[in-house]
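Chemist: Counting in the numbering used here, the sequence shown runs from 341 upward without gaps.
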Amino acid sequence: MSGQIPKYPPAALSDEPMPKRISTPAGDRLSTIIEGGGASHLSRSTRSSSRLSMNRVSAGLGLPPRESHEQSYTTIWSDANLPVRDSEKVDRSWRDDNFFLRRGGWKRLILLILIFVIIIVGVVLGLVFGLKSRNSKQSAPPSTKTNADTTPTSSFSSSSSGSSSDPDPTPTHTAAAAPSASSTPSKFPIGTYSMVTYLSTVQTNCTSNPDTWTCFPYSTYGENQAKSMTTFNWNITAGSSPDTYKISSTDDPFSVSFSNVDLNIVDKGQASEHYMFQLTYDKQVQPSASLTDDDATTTCFYNATTFQSYLYTQMAKDYPSSGIKDANASYTEWPFAMRVEEVAGGGDNVPNCYKTNNNVVGDQIDSDSLKPQAGGELCDCLYLNWFP
341 MSGQIPKYPP AALSDEPMPK RISTPAGDRL STIIEGGGAS HLSRSTRSSS RLSMNRVSAG
401 LGLPPRESHE QSYTTIWSDA NLPVRDSEKV DRSWRDDNFF LRRGGWKRLI LLILIFVIII
461 VGVVLGLVFG LKSRNSKQSA PPSTKTNADT TPTSSFSSSS SGSSSDPDPT PTHTAAAAPS
521 ASSTPSKFPI GTYSMVTYLS TVQTNCTSNP DTWTCFPYST YGENQAKSMT TFNWNITAGS
581 SPDTYKISST DDPFSVSFSN VDLNIVDKGQ ASEHYMFQLT YDKQVQPSAS LTDDDATTTC
641 FYNATTFQSY LYTQMAKDYP SSGIKDANAS YTEWPFAMRV EEVAGGGDNV PNCYKTNNNV
701 VGDQIDSDSL KPQAGGELCD CLYLNWFP
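What follows is the structure, encoded as structure tokens:
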């Protein structure tokens with residue numbers, strides 16, 4: 341018996357505990373896998389291991405280390421070798437791809453929000469300051485001509501009605517500061533005023549013969565500054581209701597005479613506030629050159645000539661300067677800008693010219709030099725006390 345191999349392994353080997361199944365979720369998932377083929381493989385592995393152990397004992401090599409068995413079981417049941425459910429894959433993928441669960445995700449989001457807010461604030465501030473800069477440029481007063489040696493130009497525009505097409509020809513210049521309310525008469529505009537102006541421009545488009553249209557004092561500012569001065573002496577009285585007035589001419593060297601014409605206020609309370617009146621009369625002109633072969637004295641009539649004036653209450657005047665005086669200015673000068681016009685339109689019998697003898701009207705002159713002009717063609721005399 342001593343020389344025979346024991347039929348069964350020694351007690352030391354039989355006392356070795358059998359591997360225990362680890363009760364874990366991973367173990368439960370693998371229960372299906374290890375049953376069947378897995379069980380037979382484990383049985384064969386156990387028998388093979390037993391034979392190897394007995395051979396090692398009989399050969400005097402001793403038992404194999406226990407850790408090798410335990411490590412093999414541990415390797416079999418480790419999570420690395422276990423299958424992963426699809427739901428766990430989705431959960432892990434979501435955790436890997438989620439921006440907010442990454443390290444620094446919230447900090448990056450806050451940084452992006454701050455950058456966006458800074459950009460918005462910068463755009464808003466740029467728009468605000470840009471609009472303010474543009475408005476300040478638009479509100480800046482334009483450069484003006486205040487040199488008395490500069491020839492003024494008219495801003496007059498014509499229409500076929502025989503009067504200015506601009507019912508409110510507001511001065512477009514910026515002169516010196518207008519007089520304060522304390523420097524004007526207490527009952528302004530009631531009073532008698534001398535309207536000191538200069539003859540700015542003369543237009544003769546309504547007649548085929550420019551010698552038949554003249555404007556007092558017969559010299560423009562550009563031709564002769566001193567001789568272009570013209571003074572209108574007018575009296576303003578109160579009307580029958582508040583803010584209504586009447587205006588009349590008085591001691592006027594100019595030939596236009598009128599009485600108690602309505603004087604209406606326009607654009608009240610605004611920078612362009614002014615009083616305006618308009619009337620129609622027959623303008624008489626003694627041509628500067630003869631119209632007949634016998635050099636007879638002639639007189640031309642422009643029927644329905646429009647005479648109109650704009651007396652401003654906020655716009656300052658430029659003319660006359662402190663060194664210029666007019667002997668015909670018998671009253672207080674109008675303290676603000678003003679504009680006076682005579683306008684006549686073309687057409688048939690414009691003008692009507694007659695021979696005269698000792699101021700007695702005689703025969704009408706029928707001359708080739710007096711061809712009718714279109715109704716839209718105007719003759720104009722423009723007087724100002726400011727420089728456009």
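Think of the CB as a built atom: it goes at the ideal place given N, C-alpha and C, for glycine as much as any other residue.
Please read all numbers here as calculations on a predicted model, not as lab measurements.
Tell me the DSSP secondary structure of Leu539 in three-state form.
Modeler: Correct three-state label for Leu539: strand.
Chemist: Could you tell me the boundaries of the beta strand (DSSP E) in which Met655 lies?
Modeler: Met655 -> no beta strand (DSSP E), and no H or E assigned at all.
Chemist: Would DSSP call Val700 helix, strand or coil?
Modeler: Strand at Val700.
Chemist: Assess contact between the stretch 643-653 and the stretch 663-683, defined as three or more Cβ pairs (one per stretch) separated by less than 8 angstroms. Is contact present?
Modeler: A contact exists between the stretch 643-653 and the stretch 663-683.
Chemist: Counting Cβ pairs, one atom from each stretch, are 3 or more of them under 8 angstroms apart for the stretch 526-535 and the stretch 562-582?
Modeler: Segments in contact, yes.
Chemist: I'd like the ranges of any beta strand (DSSP E) spanning at least 3 consecutive residues and lying wholly in the stretch 575-653.
Modeler: Fully enclosed beta strand (DSSP E) runs of 3 or longer: 585-589, 601-606, 614-625, 638-652.
Chemist: Shortest alpha-carbon distance to Thr639 belongs to which of Thr547, Asn697, Thr570, Val464?
Modeler: Closest by alpha carbon: Asn697.
Chemist: Starting from the C-beta of Thr590, find all residues in its chain whose C-beta is less than 8 angstroms away, skip the five residues before and the five after it, and write them out in chain order.
Modeler: So the list reads Thr532, Asn573, Trp574, Asn575, once near-sequence residues are dropped.
Chemist: Measuring alpha carbon to alpha carbon, tell me which residue in Lys447, Leu603, Gly445 is nearest Phe588.
Modeler: Position check: residue 588 holds Ser in this sequence, whereas Phe was assumed. Selected option, being the one with the closest Cα: Leu603.
Chemist: With contact counted as at least three CB pairs below 8 angstroms, one residue from each stretch, are the stretch 539-550 and the stretch 715-727 in contact?
Modeler: Contact holds: three or more Cβ-Cβ distances are below 8 angstroms.
Chemist: Hey, Ser628 and Thr554 are a contact pair by Cβ (cut 8 angstroms); roughly how many whole angstroms apart?
Modeler: Yes, Ser628 and Thr554 are in contact; Cβ-Cβ is about 6 angstroms, under 8 angstroms.
Chemist: Under three-state DSSP, which class holds Pro550?
Modeler: Reduced to three states, the DSSP call for Pro550 is helix.
Chemist: With burial defined as no fewer than 16 other Cβ atoms inside 10 Å of the residue's Cβ, what is the status of Val680: buried or exposed?
Modeler: When all chains shown are included, Val680 counts as buried.
Chemist: If contacts are defined as beta-carbon pairs under 8 angstroms, then Leu631 and Cys693 qualify, I think. What distance do you get, rounded to the angstrom?
Modeler: Going by Cβ atoms, the distance from Leu631 to Cys693 rounds to 6 angstroms, so yes, they are a contact pair.
Chemist: So does Ser707 have its beta carbon nearer than 8 angstroms to some heavy atom of the ligand FAD?
Modeler: This structure lacks the ligand FAD, and indeed carries no ligand of any kind.
Chemist: With 16 other CB atoms within 10 Å as the buried threshold, where does Leu724 fall?
Modeler: Classification for Leu724: buried.
Chemist: Using three-state DSSP, classify His409 as helix, strand or coil.
Modeler: In this predicted model, His409 has a pLDDT of only 48, less than 50, meaning its place in the structure is not dependable; the value taken from the coordinates is given anyway. Note: His409 maps to helix in three-state DSSP.
Chemist: Indicate the three-state DSSP secondary structure (helix, strand or coil) for Val690 in the structure shown.
Modeler: Three-state result, Val690: coil.
Chemist: Tell me which same chain residues have a C-beta within less than 6 angstroms of the C-beta of Tyr642, skipping the five on either side of it?
Modeler: The residues are Lys623, Ala684, Pro691.
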